[in-house]
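Here the protein sequences come in this chain order: Z and F. For the record, in the first sequence the residue sitting at position 108 is 108 according to my numbering, with numbers rising by one throughout. For the record, in the second sequence the residue sitting at position 64 is 1064 according to my numbering, with numbers rising by one throughout. All C-beta atoms, glycine included, are put in the ideal place defined by N, C-alpha and C. It should be emphasised that the depicted structure is a prediction, and the values quoted were computed from it without experimental measurement.
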Amino acid sequence: KNQVEQSPQSLIILEGKNCTLQCNYTVSPFSNLRWYKQDTGRGPVSLTIMTFSENTKSNGRYTATLDADTKQSSLHITASQLSDSASYICVVSRPPGGSYIPTFGRGTSLIVHP
Amino acid sequence: NAGVTQTPKFRVLKTGQSMTLLCAQDMNHEYMYWYRQDPGMGLRLIHYSVGEGTTAKGEVPDGYNVSRLKKQNFLLGLESAAPSQTSVYFCASSSGRASTGELFFGEGSRLTVL
Chain Z
1 KNQVEQSPQS LIILEGKNCT LQCNYTVSPF SNLRWYKQDT GRGPVSLTIM TFSENTKSNG
61 RYTATLDADT KQSSLHITAS QLSDSASYIC VVSRPPGGSY IPTFGRGTSL IVHP
Chain F
1001 NAGVTQTPKF RVLKTGQSMT LLCAQDMNHE YMYWYRQDPG MGLRLIHYSV GEGTTAKGEV
1061 PDGYNVSRLK KQNFLLGLES AAPSQTSVYF CASSSGRAST GELFFGEGSR LTVL
């Protein structure tokens, strides 16, 4: 069964600290993996996309990594800010021609305290 | 540029009542999706559409119907609302390369069934 598992389920850190969120998947065949950020009361917004050939990609203070061999991805947040408090969702897609349905993880809820 | 717009944003229903949620996108996207989001469950796919005039069932379709009469609109209907349908509903759309494309979400519609 195609699944996406995220850990931890929730995380509390102090402002200025770094943190790493994990995503493991069994989706096959693999096309890409996206990390979405969902602020409270809002819809998710894409942060990064990782394809099979990419190992790491940065978007400001967010750095995503991908190990396609072990089917693992991580999202590292550097020097956290209060505005980073949100749910982070890992989404894995298959290549075109297959299922049109991306597979979602349940998300990691991050709270950044001042 | 409005992106994906959902109406209404809030609604309270009594058990057995019916209602329709409207999703409109102005990005000329082929693919549209309806999700529900419940605490601890993440986003679960209700129905989706790969083009005008087409619909398909997702993970949790029971109790819901959909229609895609126009490319820009995707309607989600509840014929006889039940308390178990209390949730936040999100509509999303993506471009022609559906399984690799970024999902653009609306702001959500919060439904309470008493």
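Taking all protein chains in view, the Cβ of Ala1081(F) is crowded by 16 or more other Cβ atoms within 10 Å, so the residue is classified as buried. If you look at Lys1070(F), you'll find it isn't in any beta strand (DSSP E); DSSP assigns it neither H nor E. The stretch 79-89 of chain Z makes no contact with the stretch 51-58 of chain Z, as fewer than three CB pairs between them are under 8 Å. The beta carbon of Lys1009(F) is closer than 8 Å to those of Glu1107, Gly1108, Ser1109, Arg1110 in its chain, skipping five residues each way along the sequence.
At a cut-off of 7 Å between C-beta atoms, Pro8(Z) does not count as an interface residue with respect to chain F.
Per DSSP, Val1088(F) is one residue of the beta strand (DSSP E) stretching across 1087-1094. Shown in chain order are the members of the stretch 89-105 of chain Z whose Cβ falls below 9 Å from a Cβ of chain F: Ile89, Val91, Ser93, Arg94, Pro95, Pro96, Gly97, Gly98, Ser99, Tyr100, Ile101, Pro102, Phe104, Gly105.
Between Ile49(Z) and Asn32(Z) the beta-carbon gap is near 5 Å, inside 8 Å, which marks them as a contact. Using a Cβ-Cβ cut-off of 7 Å, Val1050(F) counts as an interface residue toward chain Z, since at least one Cβ of chain Z sits closer than that to its own.
For Pro44(Z), the nearest CB of chain F lies under 7 Å from its own CB, placing it at the interface with that chain.
The beta strand (DSSP E) runs lying completely inside the stretch 19-88 of chain Z and spanning 3 residues or more are 19-25, 32-38, 45-51, 56-59, 62-67, 72-77, given in chain order. The beta carbon of Asn59(Z) is closer than 7 Å to those of Leu47, Thr48 in its chain, skipping five residues each way along the sequence. DSSP, read as helix, strand or coil, puts Ser93(Z) in strand.
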